[in-house]
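In the UniProt record's numbering, the protein residues as written are 1 to 263.
And the structure:
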């Protein structure tokens, strides 16, 4: 019994001794393991991280291209979208003038709709200016008045009032009702009256001058094209002169009737 028991005990030890040399022969301490491909999901993460960090590594090492030659350049134009939108909305007022240009070929309802859009723009602009002036007046009369976030954005005034400030007096020219009337006069002249007269005259007189043209398409569409070509120049043509004229008229009128700014 003892001899059989000894033989059973020594067999596993021999097997372990045989496996050990095989493991030792496959492992070399100074040799790196063979390269294997990463899973696709993990490789995607690694590639993204390399792309994101490469630009900043190049900047640190001094090898990055100029920012004007990279996509970073377009970030500078992001701040221009607001300027573009604010500038473009001014041309909505001239929708009636576009309709006026198409009067020779357009249905009368189209022309009226164009005028309606222009008047809606003017009503919105006058209301907005009056809204801003109203809260400016309220802050002048009550310096401690707290404004909401929307009022702060519209007026440009700080939301927090001035605790120790004394109530002021609103000049007649700065009263919100005066501001609305003055804005309405300006818009009626600069956005409706003078542009409509200008476009109508261009279309009418150019059409008269082209009566002798044999080509029907040129005779019909050339005056329309000339009328449309004038529209981009209307703000530069009328805004500043009309604004100065209306402002001067209101100042003189209030001076005459005792409406000078209090000193």
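From the three backbone atoms N, C-alpha and C, an ideal C-beta is built for every residue, glycine too.
Everything numeric in this text was worked out from a predicted model, so none of it was measured.
Rounded separation between residue i and residue j - CA only
{"i": "residue 218", "j": "residue 252", "result": "49 angstroms"}
{"i": "residue 163", "j": "residue 148", "result": "17 angstroms"}
{"i": "residue 263", "j": "residue 243", "result": "For residue 263, the predicted model reports a pLDDT of 48, less than 50, meaning its position is unreliable; a value from the coordinates is still stated below. If I take the Cα positions, the gap works out to 25 angstroms."}
{"i": "residue 116", "j": "residue 165", "result": "45 angstroms"}
{"i": "residue 229", "j": "residue 223", "result": "10 angstroms"}
{"i": "residue 178", "j": "residue 231", "result": "30 angstroms"}
{"i": "residue 107", "j": "residue 193", "result": "21 angstroms"}
{"i": "residue 248", "j": "residue 241", "result": "11 angstroms"}
{"i": "residue 113", "j": "residue 141", "result": "42 angstroms"}
{"i": "residue 207", "j": "residue 201", "result": "10 angstroms"}
{"i": "residue 110", "j": "residue 227", "result": "16 angstroms"}
{"i": "residue 143", "j": "residue 151", "result": "15 angstroms"}
{"i": "residue 210", "j": "residue 235", "result": "28 angstroms"}
{"i": "residue 204", "j": "residue 125", "result": "30 angstroms"}
{"i": "residue 37", "j": "residue 47", "result": "13 angstroms"}
{"i": "residue 195", "j": "residue 44", "result": "59 angstroms"}
{"i": "residue 269", "j": "residue 153", "result": "The shown model of the chain, from 1 to 263, leaves out residue 269, and the question about it has no answer."}
Residue i burial status per 10 Å Cβ neighbour count (16 or more: buried)
{"i": "residue 135", "result": "buried"}
{"i": "residue 191", "result": "buried"}
{"i": "residue 199", "result": "buried"}
{"i": "residue 127", "result": "exposed"}
{"i": "residue 41", "result": "exposed"}
{"i": "residue 121", "result": "buried"}
{"i": "residue 257", "result": "exposed"}
{"i": "residue 216", "result": "exposed"}
{"i": "residue 33", "result": "exposed"}
Sequence-distant residues of the same chain with beta carbon closer than 6 angstroms to residue i, five excluded per side
{"i": "residue 173", "result": "254"}
{"i": "residue 250", "result": "182"}
Close beta carbons around residue i, own chain, < 8 angstroms, minus the five adjacent residues each side
{"i": "residue 175", "result": "133, 137"}
{"i": "residue 155", "result": "132, 135, 136, 139, 147"}
{"i": "residue 129", "result": "179, 180, 183"}
{"i": "residue 246", "result": "182, 185, 186, 189"}
Beta-carbon proximity list for residue i, same chain, < 7 angstroms, skipping 5 on both sides
{"i": "residue 213", "result": "219"}
{"i": "residue 145", "result": "138, 139, 161"}
- prompt: Mind pulling the alpha helix (DSSP H) runs of 4 or more residues that sit fully within the segment 111-196?
  reply: 149-155, 176-187
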